[in-house]
Every structure is written in C-alpha cells, then in structure tokens.
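Using full-length UniProt numbering, the letters of the sequence shown correspond one by one to residues 1 to 262.
By construction, the Cβ of each residue, glycine as well, lies at the ideal position given by its N, Cα and C atoms.
Please read these numbers as outputs of a predicted model, since none were measured by experiment.
First up is the structure itself, then whatever we jot down about it.
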Amino acid sequence: MSFQDLEAGRGRSLASSRNINGGGSRQDTTQDVASGIFQINTSVSTFHRLVNTLGTPKDTPELREKLHKTRLYIGQLVKDTSAKLKEASETDHQRGVNQKKKIVDAKLAKDFQAVLKEFQKAQRLAAERETVYAPLVHKPSLPSSYTSSEIDVNGDKHPEQRALLVESKRQELVLLDNEIAFNEAVIEEREQGIQEIQQQIGEVHEIFKDLAVLVHDQGNMIDDIGTHIDNSYAATAQGKSHLVRHQRHKDQILLCLISPSS
C-alpha cells in the first residue's frame, strides 16, 4: 500500500489493512505510516511551488514566512513518520506477524524514501535561492506635501516653509533610521532562515541514512519471505508429483488384480 493507494481509497485501504493482521495496534502503526507519507507528499508539492516563487516579484516577507512554516511542518511530519516506521519494522521482526504486513511495511518504507528524496531536493533549492535573493519590501515614503526642492530655504518671506523644511528633514532622518533597522532585521531574518534550512537538511539526511539501513533490512526480510514461498511451492509441487506416481502405482496394482488370468 503506497500513498497513491491511500489517495485512491483511504477507507478501502484501511479496511483491507485491518484484515492483514486482525486489527489492533500493529496495523494502526502501518496505517499511521501510510497517512504520514501521504501528508508529506502533499506538503512537499506545496513547498516546491513556494520555492519556485523565490526570486520573483511575488517573493515577499509573507511568502518567506509561509515557506518557513511549511518547511517546519514537513520536518515534524518526517520525524513522526520515521518513528512510526521504525516501530512497524521492529514489530515485523517479531514472531507471528503476518507476512503480508511485512511486505506492506517494506513498500511503505520505499515510498517514504522516495518522498524524502524530493524534499531534500526542494530543501537545497530553497537554501540556494534564499541566499541569492532577498524578499521584496515596500519602503515607506515621506508623508509630506512639500519636498526640500519646493521649499525656499533662504526665503525670508516664508518662515512657515522653513519650519516645514526642518520637520521634513527630521522625518526623513527618522524614516532613514527605520529603513536601516528594517533592512538589518530582514538580513538577520534571512540568515536565521538559511541556518534553519541547513540544520533541517542535516536532520533529514540523518533520517534518510537510517531509512536506507531499514529499507535494506526489510529487503532482506522480503527476500527471505520470497525464498520461503518458493521453497513451499517446490515442496508442494514435489508432493503432488509423488501423489500422482503413487496413484498410478495403485491403479496398476488394481488393474492386475481385476484382470482375468490367461
């Protein structure tokens, strides 16, 4: 059961999954993994669209904030799903676990691995673009009906204009200070965002390495199941062959007994 199967019919998948192992917490874990993969896949698609907007006229502080929240949300989903998948894998090594459940969990692990690869690509692209591009911000304008060029600085006849000029210059300095502080805040926020991306890239990479080991382990488990099935099939075929030969031998004996002697 992959996340595509879940999307096509979540109710049907849940019903069939419960029949795999008779319901209970074991199958609940498998269903949690499938649900987590589905949510990650959907969120990564959204994350991709946001990343592709970086460096365009739509790249604003609001978009950066949305990108940041989406990235954190996916990161938490990845951690939760990874924990559930490990729990399911540990259960699969216990005795009495249905072989069909083991195969389902192995397929989910590969689905999880695939969607993590896509998220890693999007993370790297986001880090690159956030480093190169700055968000577009609207700079405040001077709220005055007069500009310095319109005011006669040396005019003795317009003392009120000189007062307006002084106030205008004061407001310009205030706005300039605010703009500098704002730009510094934007730069600091960008640097913090880039550091968070790098940290999350490292965390996801560690999860991906653990997942690779888990997938390899489950692959060996599936190979053992396949070998067991092949051996069972061969033993069954051999048993049928023995039965056929035995039946033919009995038929020959019976034929000799009922045949008239010459």
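Answer with buried or exposed for S89, where buried requires no fewer than 16 other C-beta atoms within 10 angstroms of its C-beta.
That one is buried.
Skipping 5 residues on each side, what residues in its chain have a beta carbon closer than 7 Å to that of Q200?
For Q200, where only same-chain residues beyond five positions count, the Cβ hits under 7 Å are R71, G75 and Q123.
Could you please give the first and the last residue of the uninterrupted alpha helix (DSSP H) stretch that includes V115?
Note, V115: alpha helix (DSSP H), Q99 to V132.
With K84 and V115 assumed to form a contact (beta carbons below 8 Å), what rounded beta-carbon distance in angstroms separates them?
So it is not a contact: roughly 14 Å between Cβ atoms.
How many whole angstroms separate the CB atoms of A126 and V51, which I take to be in contact at a CB cut-off of 8 Å?
Right, their Cβ atoms sit about 5 Å apart.
For G193, name the three-state secondary structure that DSSP assigns.
DSSP places G193 in helix when its eight states are reduced to three.
Would you kindly check if the distance between the Cβ of V215 and the Cβ of Q113 is under 9 Å?
It is a contact, given that the beta carbons lie within the stated cut-off.
Let me confirm a value: residue 265 is counted as buried when at least 16 other C-beta atoms fall within 10 Å, else exposed. Which label applies?
What is shown of the chain runs 1 to 262, which leaves residue 265 out entirely.
Could you have a look at G22 and say whether DSSP puts it in helix, strand or coil?
Reliability fails at G22, whose pLDDT of 41 lies under 50, so the model's placement of it is uncertain and the value that follows must be treated cautiously. G22 falls in the coil class under three-state DSSP.
Determine the direct distance from the alpha carbon of V97 to that of T91, and round the result to whole angstroms.
Their backbone Cα atoms lie some 8 Å apart in a straight line.
Helix, strand or coil, according to DSSP, for L136 in the structure here?
Coil.
Run through DSSP, which three-state label would R95 get?
Note: R95 maps to coil in three-state DSSP.
So, are the CB atoms of R64 and E128 less than 9 Å apart?
Their beta carbons are not under 9 Å apart, which means R64 does not touch E128 by this criterion.
According to DSSP, is K59 helix, strand or coil?
A small fix is needed here, since residue 59 is Asp in this sequence, not Lys. D59 falls in the coil class under three-state DSSP.
Look at the alpha carbon of V204 and the alpha carbon of Q120, and state the distance between them as a whole number of angstroms.
Each residue's alpha carbon lies about 7 Å from the other.
Identify which residue in I103, G202, V174 and N41 has its Cα closest to the Cα of E73.
Note that residue 73 is Tyr in the sequence shown here, rather than Glu. Ranking I103, G202, V174 and N41 by Cα distance to Y73 puts N41 first.
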